[in-house]
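The structure appears right after this line, and notes come after that.
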Amino acid sequence: MSEEMTRHRRSLGEEGEEIAADYVRSLDWIVVERNWRCPAGELDLIAYDQAEACVVAVEVKTRTTAYFGRPVEAVKQAKIDRLHRLVRMYLSQQRLFARQVRVDLIGIVLVDGSVVDLEHLRDIA
């Protein structure tokens, strides 16, 4: 993959994560952390859903077209399993306890910088 293509994908991902962060804030969630990394992987967003008293790890997938399928379809079971492990690692590393923890997925389609679709799947397993 060319360096230019890598920069474009990174920029698209960052834009999608910003949109997702704004979206979860509109739900009255608190964005606790963004782009948390450890040797085992990365969590795009970690939020706190106040209404459900739940820590939520949010995976964000951003595309410029749905031609090859919805962005959420790009997340396979192995990735979902890794996200569940990562959120437990995050809580342990931060010495936090949460009664409820879940993993959500937000798929975004951007065309010319405008959101044409935002899909939020809650509690993916």
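Using the working numbering, you'd call the opening residue of the sequence shown number 381 and step up by one each time. The C-beta atom is built at its ideal place from N, Cα and C for all residues, glycine as well.
* To do: Give the range of the beta strand (DSSP E) segment to which residue 441 is assigned.
  => Bounds of the beta strand (DSSP E) holding residue 441 are 434 to 443.
* To do: Quick one: give me the first and last residue of the alpha helix (DSSP H) that residue 506 is part of.
  => Within the shown structure, residues of the chain are numbered from 381 to 505, placing residue 506 beyond reach of any answer.
* Strand pairing of residue 427, partner residues [DSSP] -> Note: residue 427 sits in a beta bridge opposite 411 and 436.
* **Selected residue, minimal CA-CA separation from residue 427, among 498, 480 and 494** => Of the candidates 498, 480 and 494, the one whose C-alpha sits nearest the C-alpha of residue 427 is 480.
* Spell out a yes or no on whether the stretch 412 to 423 and the stretch 447 to 456 are touching, meaning 3 or more CB-CB pairs, one atom from each, closer than 8 Å. => Inter-segment contact for the stretch 412 to 423 and the stretch 447 to 456 is absent: fewer than three beta-carbon pairs are separated by less than 8 Å.
* Asked: Excluding the five sequence neighbours on either side, which residues of its own chain have a C-beta within less than 7 Å of the C-beta of residue 500, listed in chain order?
  -> Only residues of its own chain outside the window of five on either side were considered, and among them 484 and 486 have a CB closer than 7 Å to the CB of residue 500, listed in chain order.
* Determine the DSSP secondary structure at residue 393, reduced to helix, strand or coil. => Residue 393: helix per DSSP, three-state reduction.
* Identity of the residue in 491, 495 and 477 nearest residue 435 by Cα -> With respect to the C-alpha of residue 435, the residue from 491, 495 and 477 having the closest C-alpha is 477.
* Supposed contact pair residue 404 and residue 425 - C-beta distance, whole angstroms, cut 8 Å -> Yes, residue 425 and residue 404 are in contact; Cβ-Cβ is about 7 Å, under 8 Å.
* To do: Just grab the DSSP bridge partners of residue 497 for me.
  => Paired residues: 489.
* Hey, residue 437 and residue 466 are a contact pair by Cβ (cut 8 Å); roughly how many whole angstroms apart? -> Correct: roughly 7 Å between the Cβ atoms.
* Note down, in chain order, each residue of its chain lying with its Cβ closer than 6 Å to the Cβ of residue 497, except the 5 sequence neighbours on either side. => For residue 497, where only same-chain residues beyond five positions count, the Cβ hits under 6 Å are 489.
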